[in-house]
Amino acid sequence: MRTVLVGNIKGGCGKTTVSTHLAAAFAAEGYVTAIGDCDRQGSSLNWLRRRDPALATIQGLDWAKEVGDTPKGLERLVIDAPAAMHHKDVEALIEISDIIVVPVLPGAFDEDATARFLERLSKVKVVRKNKRVVAVLGNRLRPGTRASDRLDGFFGGLGFPVVARLRDTQLYPSVAARGSSVLESGESRAKAYAAEWAPLLDLVIGSGSK
1 MRTVLVGNIK
11 GGCGKTTVST
21 HLAAAFAAEG
31 YVTAIGDCDR
41 QGSSLNWLRR
51 RDPALATIQG
61 LDWAKEVGDT
71 PKGLERLVID
81 APAAMHHKDV
91 EALIEISDII
101 VVPVLPGAFD
111 EDATARFLER
121 LSKVKVVRKN
131 KRVVAVLGNR
141 LRPGTRASDR
151 LDGFFGGLGF
161 PVVARLRDTQ
171 LYPSVAARGS
181 SVLESGESRA
191 KAYAAEWAPL
201 LDLVIGSGSK
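Sequence positions in the sequence shown follow the UniProt record's numbering and run 1 to 210.
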């Protein structure tokens with residue numbers, strides 16, 4: 001089984017949007033997929049409840065109180081981590097994950113908080129020994145703005161280059177309201193936004209199989 005942890009100590013950076021899109025991508029590839037929702041708000045589970053049964057099936061695991069067992073036969077697991085994570089909780093989730101995706105918004109406050117989270121990650125033994133892949137994802141970017149343009153240099157300087165860049169658009173809340181994703185949307189305008197996921201999906205889906 002391959003497990004992807006989506007996390008950051010900074011709230012509001014789009015962890016649930018990223019988690020649901022990655023799960024949708026796995027399911028569309030034919031993998032038996034689940035989302036482990038560790039957030040008390042249960043946003044990923046609510047997204048699943050709104051999902052059209054005609055779309056690829058994704059299982060929901062309520063892990064708000066504690067990380068539970070995974071269903072038999074599960075092939076891909078996406079963990080939607082809460083912002084308020086204690087150090088021991090971070091380590092426990094990293095131990096069961098293969099890839100850690102860290103969404104970040106443009107701006108000094110988000111950069112600072114994410115830098116602290118990455119520093120915390122880098123102290124975890126399996127990350128320090130390069131046994132886990134860490135992928136920084138630029139989210140809700142507005143091309144041409146200074147805040148968006150400086151992301152690459154800032155995180156590249158920390159040793160965590162930005163893997164992919166997602167533009168800001170109202171299409172994301174629109175598809176979320178239907179339990180869907182831009183990757184599954186039939187709208188013509190969704191194609192360009194779906195294409196922005198390609199570098200991350202190549203890493204997450206194409207980095208071997210388990």
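All C-beta atoms in this analysis are idealised placements derived from N, C-alpha and C, irrespective of residue type, glycine included.
Mind checking Phe155: buried by the 16 CB within 10 Å criterion, or exposed? Burial call: buried.
Can you give me the start and stop residues for the alpha helix (DSSP H) that Asp112 sits inside? Here the alpha helix (DSSP H) through Asp112 covers 108 to 122.
Reduced DSSP category for Pro173 - H, G, I as helix; E, B as strand; rest coil: Reduced to three states, the DSSP call for Pro173 is helix.
Report the partner residues of Thr33 according to the DSSP bridge assignment. Answer is Ile58, Arg76, bridged to Thr33.
Can you have a look at Ser188 and say buried or exposed, based on whether 16 or more other CB atoms are within 10 angstroms of its CB? With a 10 Å radius around the Cβ and a threshold of 16 neighbouring Cβ atoms, Ser188 comes out exposed.
Exposed or buried, Lys65, counting other C-beta atoms within 10 Å across all chains shown (16 or more means buried)? For Lys65, the number of other beta carbons within 10 angstroms of its own is below 16, and it is reported as exposed.
Is Gly206 helix, strand or coil by DSSP? Three-state result, Gly206: helix.
Using the C-alpha atoms, what's the distance from Ala108 back to Ala25? If I take the Cα positions, the gap works out to 31 Å.
Once the 5 residues before and after Ser181 are set aside, which same chain residues still bring their CB inside 7 Å of it? Apart from the 5 residues on each side of it in sequence, Ser181 sits with its Cβ closer than 7 Å to the Cβ of Thr20, His21, Ala24, Val175 in its chain, given in chain order.
Exposed or buried, what is Ala114 when buried is set at 16 or more other beta-carbons lying within 10 Å of its beta-carbon? For the record, residue 114 in the displayed sequence is Thr; it is not Ala. Burial state of Thr114 is buried, judged by a 10 Å Cβ sphere holding 16 or more other Cβ atoms.
Relative to the alpha-carbon of Lys129, which residue among Arg140, Glu111, Glu95, Asp149 has its alpha-carbon at the smallest distance? For Lys129, the nearest C-alpha among the options comes from Glu95.
Host alpha helix (DSSP H) of Arg128 (start-end): Per DSSP, Arg128 belongs to the alpha helix (DSSP H) from 125 to 128.
Nearest-angstrom Cα distance between Pro173 and Arg140? If you take the alpha carbons of Pro173 and Arg140, they lie about 12 Å apart.
Buried or exposed: Gly208, going by 16 or more other Cβ atoms within 10 Å of its Cβ? Note on Gly208: pLDDT 46, under 50, position unreliable in the model; the coordinate value appears next. Label assigned to Gly208: exposed.
Could you name the residues of the same chain whose beta carbon sits closer than 8 Å to that of Arg116, not counting the 5 residues immediately before and after it, in chain order? Cβ within range, chain order: Ile9.
Find the nearest neighbour of Val102 within the set Val18, Pro199, Ala190, judged by alpha-carbon distance. The alpha carbon of Val102 has as its nearest neighbour, out of Val18, Pro199, Ala190, the alpha carbon of Val18.
Mind reading off the beta-carbon distance from Ala56 to Ala28? Whole number of angstroms is fine, and I expect it under 8 Å. Sure, about 5 Å apart at Cβ, within 8 Å.
Local conformation of Pro199 per DSSP, three classes: The answer is helix: DSSP assigns Pro199 an H, G or I state.
Give the single residue among Lys88, Val104, Arg50 whose Cα lies nearest to the Cα of Lys123. Cα-wise, what sits closest to Lys123 is Lys88.
Per DSSP, Leu158 forms a beta bridge with which residues? Residue pairing by DSSP places Leu158 in no beta bridge whatsoever.
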